[in-house]
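**Student:** I'd like to ask you about the structure that follows.
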Amino acid sequence: MSAQKIALAQINPLLGDLAGNAQLIHKAALDAYSQGAKLVVTPELSLTGYPPEDLLLRPAFIEAAQEQLELLMKELAQYSDLTVIVGHPKKTSAGLQNYASVLQNGKVIAGYAKQELPNHEVFDEVRYFVPGNQACVFECEGIRYGLILCEDAWHAGPAKQAHAAGAQVLLVPNASPYHLKKEALRIDVLRGHIAQTKMPLVYVNAVGGQDELVFDGGSFALNSKGEVVMAMPQFETGSGIVAASSSGELEKGLITPPQSVEAQAYQALVLGVRDYVTKNRFPGVIIGLSGGVDSALVLAIAVDALGADKVRTVMMASRYTADISWIDAREMAQNLGVQYDEIPISGPVDALETSLAEQFKGLKVDATEENIQARVRGTLLMALSNKTGRLVLTTGNKSEMAVGYCTLYGDMAGGFAVIKDIAKTLVYRLCAYRNSIKPIIPERILTRAAIEGQGQSVGRAVLARMLWGEWPDEAARANLRVALSHLRRVLPGLLDIDARRVGFADAGLQVVSDLDLLGDALVPGASAACRLAGARLWRGELLADFVLPGCDEFERWCAVQRQRAAGMALALQRTLVRAVNTASFAKNCQAGGVIAASGTVLVSVIAQNVDPNACSFVYETLA
């Protein structure tokens, strides 16, 4: 007997769209049949979408799902001897069950009720379903297949039960939401079953976004040794084929190479935004740009998900907004070709402060006034949303949400929080990943010091959680003590540190990093004095002696920033060498002098008297 082809239908169902989902299944079956497949496996609850939640409490919905299943079964009968597994809710004598029916030639030849109902994290199946207790084994062209569903695979019992019932190959339809590094975890768990049963298995997962969940696909097959013999792409719909020999062993097929964590996370965010907006039929989105890294990342994700024509950006500057912020915001919008508007908010902010002046008399200015600005911005964005029908995407990250660094009804206003599950350190890594594909996020957004609320203090516990959020509290606090001790040595007098909080010694201090100034020196048209000052800033490797113990994310960030800083310094040095022969540059250098960086003399500038040969020698040395 020749090898039997099994089709993995990695589809993206729309929750509640019974007819539409049936069409997706039908198309997958047709594709599989045309490739000579004998068996098609679709994801868990493929007919309804996952999770159907309170739709399951409506008898009419359950009846409609059964009717659609029967219609689909009749349609699939035209594909002679093709076996198709379809997930759906089923009313049985035991109650409503999470079910999978095995369809062949217009009949249900077998069926399986999920035994292990998840009731943790994002799952709530115990609310709706009653568990099954029976194995399901069916035969297709001489091979005996066992069938279990999603959560069943995380427990030893159902796989052992299927093996005891005579199964040679285990089929596992899933609707498994993604989290970081989950694909490796799935494989490790399933290899444990294979070690006990020696059964190869086929794992089929749904793909797509549903509210806060993203299903990543990434369907795969493992042989009896636990080796990956076939793997499909993550975050993409499609159909894959794996072949089973007459003994049931799975043969090697196409294997999609695994992606980096950054690539997975970015694609998950893109897919989540795309499906939330399109499945809910919003005409587009609105994003409030700040010139910072969070809104830049959200903008990049939105454009990749929806296209530039579906994205509108708004910059809402106040009198406290630095020029660098709106310049960077405008550049980011231009890079991506999206609609960009500027709405000044000084007027409404002043009006609110005037209205509150009597009530605030004698009270110190604090975060209240800052929050007024944030709430004005939220009000304007929601007004634009109401008028245009577009969805406001909020830009707060997980670190901010975890420690409460956000304004209720302000920067939290909106309909979909794109990066609420992304820590600040990962935000920078995702920006670097996106720029590695095509540079769209201005360099200065990534390299300038992200110092929010200058002049204010921050609780030590907050800092510890932000930097070492996955560590035990005591270990995180110990790491912070070491870091603060080091900061005291390298930046004497800058910080005010006590037992509870960390802040700047000078409450009115405006902090500008050397990287900011280095970037300013590279701006086209920068003065000679600015370029000379920028060159003198370079003193060697960025933060060479500064370490945050146990904070790998910081080290990875530092590595990227060090490379960028070195590149900026070298670019500036070359700019100076090329400019040194110009009369205007020499004139602006006054009497002349020596430009030094990294301990190396670049060139001597003598007004109106520069040796071209010396300039050429220096430039070649730098290159």
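In this note's numbering, each number is its position in the sequence shown, counted from 1, plus 405.
Just so you know, even glycine gets a beta-carbon here, dropped at the ideal spot from N, CA and C.
1) What would DSSP say about Tyr-810, mapped onto helix, strand or coil?
2) Can you name the residues that DSSP bridges to Asn-503?
3) Given a cut-off of 7 angstroms, decide if Val-612 and Thr-642 are closer than it, judged by their beta-carbon atoms.
4) With a threshold of 16 other CB atoms inside 10 Å of the CB of Gln-428, please say whether the residue is buried or exposed.
5) Suppose only complete runs of 4+ residues qualify. What are the alpha helix (DSSP H) ranges in the stretch 554-619, listed by chain order?
6) I need the boundaries of the beta strand (DSSP E) containing Tyr-517, first residue and last residue.
7) In chain order, which continuous runs of the alpha helix (DSSP H) of length 4 or greater are located wholly inside the stretch 420-450?
8) Note down the Cα distance separating Gly-972 from Ser-760, rounded to an integer number of angstroms.
9) Which whole-angstrom value is the C-beta distance of Asn-579 and Asn-610, which I expect to be below 8 angstroms?
10) With distance defined between alpha-carbon atoms, name the residue in Ala-705, Met-806, Glu-774, Ala-600 nearest to Val-675.
11) Which residues in the same chain have their Cβ closer than 6 angstroms to the Cβ of Thr-1005, if we skip the five residues on either side of it in sequence?
12) Can you round the beta-carbon distance between Ile-750 and Arg-717 to whole angstroms, since I take them to be within the 8 angstroms contact cut?
13) Give a yes or no on whether the C-beta atoms belonging to Phe-687 and Leu-831 are separated by under 7 angstroms.
14) Keeping to the same chain, check which residues put their C-beta closer than 6 angstroms to that of Glu-1025; ignore five residues upstream and five downstream.
15) Which of the three DSSP states is assigned to Asp-1016 in this structure?
16) Take the Cβ of Gly-645 as the centre, count every other Cβ of all protein chains shown within 10 Å, and call the residue buried at 16 or more, exposed below.
17) Look up Met-720 in the DSSP assignment and say whether it is helix, strand or coil.
18) In terms of alpha-carbon separation, which member of Gly-425, Gly-693, Ala-779, Tyr-810 lies closest to Val-743?
19) Looking at the structure shown, is Ile-411 part of a helix, part of a strand, or coil, going by DSSP?
20) Name the one or two DSSP bridge partners that Gly-372 has.
21) Starting from Asp-878, trace the alpha helix (DSSP H) in both directions and tell me its first and last residue.
22) Between which two residues does the beta strand (DSSP E) holding Gln-1049 run?
23) Identify, in the order they occur along the chain, each residue of the same chain with its Cβ nearer than 8 angstroms to the Cβ of Leu-423, setting aside the five sequence neighbours on each side.
24) Decide yes or no for the touch test of the stretch 560-571 against the stretch 537-551: beta carbon pairs closer than 8 angstroms, at least 3 of them.
25) Could you tell me which whole beta strand (DSSP E) segments of length 3 or greater appear in the stretch 733-794?
26) Using a 10 Å radius around the Cβ and a threshold of 16 neighbouring Cβ atoms, would you call Ile-827 buried or exposed?
**Tutor:** Let's see:
1) The residue given as residue 810 occupies position 405 in the sequence shown. Reduced to three states, the DSSP call for Tyr-810 is coil.
2) Position 98 of the sequence shown, counted from the start, is the residue given in the question as residue 503. DSSP lists Pro-494 as partners of Asn-503.
3) Within the sequence shown, numbered from 1, the residue matching residue 642 stands at position 237. Within the sequence shown, numbered from 1, the residue matching residue 612 stands at position 207. A contact, by the Cβ cut-off of 7 angstroms.
4) Walking along the sequence shown from the start, residue 428 turns up at place 23. Looking at its Cβ environment, which holds fewer than 16 other Cβ atoms inside 10 Å, Gln-428 is exposed.
5) Within the stretch 554-619, the complete alpha helix (DSSP H) segments of 4 residues or longer fall at 561-569, 587-602, listed in chain order.
6) Within the sequence shown, numbered from 1, the residue matching residue 517 stands at position 112. From DSSP, the beta strand (DSSP E) with Tyr-517 extends over 512-518.
7) Entirely contained in the stretch 420-450, the alpha helix (DSSP H) runs reaching 4 residues are, in chain order, 423-439.
8) Residue numbering aside, residue 972 sits at position 567 when the sequence shown is read from its first letter. Residue numbering aside, residue 760 sits at position 355 when the sequence shown is read from its first letter. When rounded, the distance between both Cα atoms is 50 angstroms.
9) Position 174 of the sequence shown, counted from the first residue, corresponds to residue 579. Position 205 of the sequence shown, counted from the first residue, corresponds to residue 610. So it is a contact: roughly 4 angstroms between Cβ atoms.
10) Here residue 675 refers to the residue found at position 270 when the sequence shown is read from its first residue. The candidate whose alpha carbon is nearest that of Val-675 is Ala-705.
11) Position 600 of the sequence shown, counted from the start, is the residue given in the question as residue 1005. The pLDDT assigned to Thr-1005 is 34, lower than 50, so where the model puts this residue is not dependable; a value taken from the coordinates is nonetheless given after this. Contacts found: none.
12) For this step, residue 750 is matched to residue 345 along the sequence shown. For this step, residue 717 is matched to residue 312 along the sequence shown. Not really, about 17 angstroms apart at Cβ, beyond 8 angstroms.
13) Within the sequence shown, the letter at position 282 stands for residue 687. Within the sequence shown, the letter at position 426 stands for residue 831. In this structure, Phe-687 keeps its C-beta atom at 7 angstroms or more from the C-beta atom of Leu-831.
14) Locating residue 1025 in the sequence shown gives position 620, counting from the first residue. No answer about Glu-1025 holds up, because its pLDDT of 36 lies below 50 and its placement is not dependable.
15) Within the sequence shown, numbered from 1, the residue matching residue 1016 stands at position 611. For Asp-1016, the predicted model reports a pLDDT of 40, less than 50, meaning its position is unreliable; a value from the coordinates is still stated below. Reduced to three states, the DSSP call for Asp-1016 is coil.
16) For the purposes of this step, residue 645 is taken as the residue at position 240 of the sequence shown. Gly-645 should be labelled buried.
17) By one-based count along the sequence shown, residue 720 stands at place 315. The DSSP-derived three-state label of Met-720 is strand.
18) Looking up residue 743 in the sequence shown gives position 338. Here the closest residue by C-alpha is Gly-693.
19) Here residue 411 corresponds to residue number 6 of the sequence shown, with the count starting at 1. Strand at Ile-411.
20) No answer is possible for residue 372: it lies beyond the span of the chain, which begins at 406 and ends at 1028.
21) As a working note, residue 878 is residue 473 in the sequence shown. Unbroken alpha helix (DSSP H) run through Asp-878: 878-895.
22) Here the chain has residues from 406 to 1028 only, and residue 1049 is not among them.
23) Counted from its first residue, the sequence shown places residue 423 at position 18. Around Leu-423: Leu-452, Thr-453, Ala-469, Ala-470, Gln-473.
24) Contact holds: three or more Cβ-Cβ distances are below 8 angstroms.
25) Within the stretch 733-794, the complete beta strand (DSSP E) runs of at least 3 residues fall at 744-747.
26) Counting from one through the sequence shown, the residue named residue 827 turns up at place 422. Burial call: buried.
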